[in-house]
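Participant: Have a look at this one.
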Amino acid sequence: MEHCILKVALDTPLDRFFDYRWPTSAITNAEGEQVVPALPQIGQLVLLPFGSQQLMGLIVAISDHTDVPEAKLKDALELRSQLPGLSEEWIALCRFAADYYQRPLGEVALPALPRNLRVGKAGTLERNLKKLAKLVPALDANPNPEPPLNPAQQAAVDAIAGAPGFAPSLLYGVTGSGKTEVYLQAAAKILAQAAQAQVLILVPEINLTPQLENNIRKRFSGIQIATLHSGMAEGERLQHWLAAHLGQARIILGTRLAILASLPHLKMIVIDEEHDPSYKQQEGLRYSARDLAVWRAHQLAIPVVLGSATPSLESWQHAKVGRYRKLELRERAVKDAVLPVVRVINQEHEKPKDGLTTPLINAIHRRLEKGEQSLLFLNRRGYSPVIACDACGWISDCTRCTAHLVMHKLENKLRCHHCGYEQRIPRHCPTCGNIDLQPLGRGTQRLEEGLKLIFPEARVFRIDADSTRLKGSAAAAFDTVHRGEVDILIGTQMVAKGHDFKNLTLVGALNPDSALFSQDYRASERLFAQLMQVAGRAGRAAQKQGGNISEVLIQTRYPDHPLYHALMAHDYDRFANDLLDERQQACMPPFMYQALLRAEAKELQSALDFLHQAANCCAHVGITIHEPIPMSMTRVANVDRAQLLVESVSRPALQAFLKEWIATLRGLKSRLKWGVEIDPVDI
Ligand code: ADP
Ligand code: ZN
Ligand code: ZN
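Mind the numbering: the sequence shown is residues 1 to 683 in full-length UniProt numbering, read in order.
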């Protein structure tokens with residue numbers, strides 16, 4: 001019998017391919033018949049014996065040679081030939097991600113596929129392949145017509161869809177400037193250019209912005225649309241993935257994981273809210289979907305659009321030096337809708353009552369009188385971030401983490417937001433028995449309680465991770481607001497993203513100061529983006545006759561901070577340029593390339609010892625290796641964590657160093673858990 005050798009990538013930490021045998025001449029099957037096995041191709045999936053288990057592998061090469069001794073060579077079990085293979089471009093994308101993030105190819109490529117493809121029986125796949133045709137039936141309802149674009153939008157659409165080849169654009173548009181309309185009309189042009197063309201639209205969170213999906217479905221009725229995000233059931237995910245892979249879905253709307261979808265006819269990529277931290281995967285393969293999107297667009301020589309009102313400093317810098325084209329939308333798209341007036345309220349002069357200063361309370365009253373909505377932004381869920389005993393100084397700390405237990409009064413629980421530990425709220429101090437335990441600080445639940453006292457007649461509504469824990473409840477909650485059944489909305493950053501609240505004319509920001517003095521150097525960039533986003537929820541419709549002008553009130557102890565001044569002036573340009581200057585002078589990203597080695601152990605010292613050993617195990621010309629330090633939140637769920645920062649002004653130098661370094665670290669065979677993150681965002 002004749003064979004070929006399949007070189008296969010597997011989802012294992014071993015950084016190599018695995019060889020398996022596959023027959024190329026007729027074989028006798030279980031029924032005793034002579035059958036000719038399917039001819040394998042690169043990009044196909046194949047089921048393999050691996051130790052005592054069976055694993056799905058991806059064929060990356062086919063050869064007639066192997067170094068594995070005959071006796072050890074195993075036969076592949078089953079070729080998934082029903083499924084058209086993954087393209088060379090897709091494998092190249094995974095290979096790039098694997099190289100760049102220093103992982104084996106198999107650890108990137110296989111987890112990027114729907115689980116049911118990897119574990120399912122061949123029959124499941126066949127059933128799904130038949131079902132597809134049924135996916136997301138084309139609507140025959142009236143499509144939403146395209147509104148005429150304003151000149152700035154038109155120029156952006158022309159620039160994006162008019163230029164063939166790799167053309168990254170930074171669509172820098174104030175909140176409500178109609179960036180979405182630009183994406184949709186550019187997408188329409190691209191789709192019209194080729195019968196099979198596919199467009200990928202990445203968003204930070206699908207569940208929080210159901211409006212976008214609805215708008216796309218209404219606009220592109222008659223076209224199949226697939227969605228890809230982590231909240232989908234596996235069966236559903238397989239169907240949508242297949243629709244994209246088979247080229248049936250022409251628009252793919254997804255969160256960061258969609259960047260690794262198989263899209264054989266991809267012709268344009270959109271990254272909405274490109275600055276959003278959720279594009280960075282924070283566990284496993286810690287990739288940046290934004291960066292991979294730009295690479296993918298380059299690989300395929302297609303346009304890519306990065307949209308934001310507050311672009312990341314990385315993208316801002318690219319635009320500054322001309323690597324990205326900057327397309328600007330300076331005004332709101334809706335006629336007579338203007339950006340809100342932003343003011344700061346000095347908390348040193350105006351003492352808050354139940355968390356609210358008098359000017360903010362008055363502003364809410366004015367909204368209630370006119371039947372308009374107010375939004376209070378407080379990025380801290382729970383009742384209070386900690387409870388304490390005045391008598392002996394006890395505070396509610398998590399015994400497993402470097403963190404406080406947060407008080408959740410409604411559920412009568414103290415809860416750790418990091419490890420999930422929870423207990424009942426103690427009736428008296430566990431140390432001294434004092435029954436008078438005090439909540440310190442204010443979370444959204446406590447704010448809600450206070451608001452109901454101050455505004456007994458108002459309909460107060462809270463949206464945060466606690467109030468929307470059940471699947472589908474976030475969308476339902478936002479609908480309640482859109483239907484006008486809410487007067488005062490309280491929310492965490494969940495409410496800041498993308499919502500088009502038509503009747504909202506006041507945003508109050510409570511307690512944003514802590515981020516100003518964070519040790520994380522990106523905190524102020526993030527705070528600005530967050531406040532700008534949430535401010536952007538106000539005044540999105542034309543001002544009503546006799547209605548209030550739209551306002552944003554920020555309660556702060558530091559009214560003179562440059563960040564708030566830039567916000568009041570709606571001047572992101574200056575803020576971003578100043579931050580970039582600071583970063584350049586301090587040799588920080590985007591002027592420096594970084595990687596972080598993290599280690600975890602039961603004892604902090606073991607983690608630090610490992611990092612010290614790592615710091616000294618390789619030559620490192622042109623690379624700075626910093627001192628190992630405990631992570632700022634050192635302990636999580638009884639595990640201590642430490643980190644070591646390495647950096648270089650040269651990305652290739654850093655990449656070359658990392659490759660050698662990681663191989664050496666693997667050779668140390670340390671038993672503690674460690675990992676390297678490239679371009680870390682939380683340092
Ligand atoms: P952004 O994404 O920039 O925050 P949106 O795309 O949500 O802004 O648009 C804000 C509002 O402006 C939406 O209600 C949208 O329907 C409307 N809009 C966008 N473009 C136009 C246009 N050309 N004419 C009229 N209204 C528009
Ligand atoms: Zn006490
Ligand atoms: Zn904990």
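Ideal placement from N, C-alpha and C gives every residue a C-beta, glycine not left out.
1) Is DSSP giving F455 helix, strand or coil here?
2) Quick one: does the C-beta of R400 sit closer than 8 angstroms to a heavy atom of ligand 3?
3) So, do the stretch 197-214 and the stretch 250-260 have three or more beta carbon pairs nearer to each other than 8 angstroms?
4) Any heavy atom of ligand 1 closer than 8 angstroms to the Cβ of P148?
5) Can you give me the C-alpha to C-alpha distance between A98 and R290, rounded to a whole angstrom?
6) What do you reckon, are the CB atoms on Y315 and L170 nearer than 9 angstroms?
7) Using a 10 Å radius around the Cβ and a threshold of 16 neighbouring Cβ atoms, would you call T468 buried or exposed?
8) Check for me: the beta strand (DSSP E) holding C389 runs from which residue to which?
9) For a test of your reading of the model: does the CB of H408 fall under 8 angstroms from any non-hydrogen atom of ligand 3? Yes or no.
10) With a threshold of 8 angstroms (Cβ to nearest heavy atom), would E328 be considered close to ligand 1?
11) For the alpha helix (DSSP H) containing I190, name the first residue and the last one.
12) Thinking S668 and G508 are a contact (beta carbons under 8 angstroms), I'd like their distance in whole angstroms, please.
13) With distance defined between alpha-carbon atoms, name the residue in P277, L285, L266 and L313 nearest to R296.
14) Do M633 and T402 have their C-beta atoms within less than 9 angstroms of each other?
15) For the stretch 646-666 against the stretch 565-574, are there 3 or more C-beta pairs whose distance is under 8 angstroms?
16) Whole angstroms is fine: what's the gap from V304's alpha carbon to Y100's?
17) Mind checking whether the beta-carbon of H418 lies closer than 8 angstroms to any heavy atom of ligand 3?
18) Does the distance from the C-beta atom of H418 to that of Q445 stay below 9 angstroms?
19) So, helix, strand or coil for N303, using DSSP?
20) Starting from R323, follow its DSSP beta bridges and name the residues at the other end.
21) Can you tell me which of the three DSSP states N681 falls into?
22) For the candidate residues P40, L414 and A595, whose alpha-carbon lies nearest to that of C398?
23) Does the distance from the C-beta atom of A465 to that of T492 stay below 9 angstroms?
24) With DSSP run on the structure shown, which of helix, strand or coil describes K582?
25) Residue range of the alpha helix (DSSP H) that M568 falls in?
26) Does the stretch 377-384 come close enough to the stretch 611-628 that 3 or more CB-CB pairs lie under 8 angstroms?
27) Since L48 and L55 should fall inside the 8 angstroms C-beta cutoff, what is the C-beta to C-beta distance between them, to a whole number of angstroms?
28) Return the chain-ordered list of same chain residues with a C-beta closer than 8 angstroms to the C-beta of C432, the five sequence neighbours on each side being excluded.
29) Measure the C-alpha to C-alpha separation of residue 688 and A496 and round it to an integer number of angstroms.
30) Indicate whether the contact test is met: 3 or more Cβ pairs, each with one atom in the stretch 511-527 and one in the stretch 257-273, closer than 8 angstroms.
31) Any idea what DSSP makes of Y572, helix, strand or coil?
32) When you measure from the CB of A309 to every non-hydrogen atom of ligand 1, does any distance come out below 8 angstroms?
33) Between T66, R80, R16 and P210, which has its C-alpha nearest L39's C-alpha?
34) Can you give me the Cβ contacts of K673 inside the same chain, cut-off strictly under 6 angstroms, excluding the 5 residues immediately before and after it?
35) Pick from E350, I625 and L368: whose alpha carbon is nearest that of W661?
36) If you compare alpha carbons, which of V294, Y421 and A309 is closest to R323?
Facilitator: On the basis of the coordinates in this document:
1) coil
2) yes
3) yes
4) yes
5) 16 angstroms
6) Residue identity check: residue 315 is Ser in the sequence provided, not Tyr. Against a cut-off of 9 angstroms, the Cβ pair of L170 and S315 comes out as a contact.
7) buried
8) V386 to C389
9) For ligand 3, no non-hydrogen atom lies closer than 8 angstroms to the CB of H408.
10) no
11) K179 to Q193
12) The sequence shown places Leu at residue 668, not Ser. In fact, because the Cβ distance is near 53 angstroms, the residues do not count as touching under 8 angstroms.
13) L266
14) yes
15) no
16) 20 angstroms
17) yes
18) no
19) Here residue 303 is Pro; the residue named in the question, Asn, does not match the sequence. Note: P303 maps to strand in three-state DSSP.
20) None; R323 has no bridge partner.
21) It should be pointed out that residue 681 corresponds to Val in this sequence rather than to Asn. In the structure shown, V681 sits in coil (DSSP, three-state: anything other than H, G, I, E or B).
22) L414
23) yes
24) Checking the sequence shown, residue 582 turns out to be Glu, not Lys. Three-state result, E582: helix.
25) P562 to M568
26) no
27) 6 angstroms
28) C389, A391, C392 and W394
29) A query on residue 688 cannot be resolved here, the shown segment of the chain reaching from 1 to 683 and no further.
30) no
31) helix
32) Yes, the beta carbon of A309 sits closer than 8 angstroms to at least one heavy atom of ligand 1.
33) R80
34) E600
35) I625
36) V294
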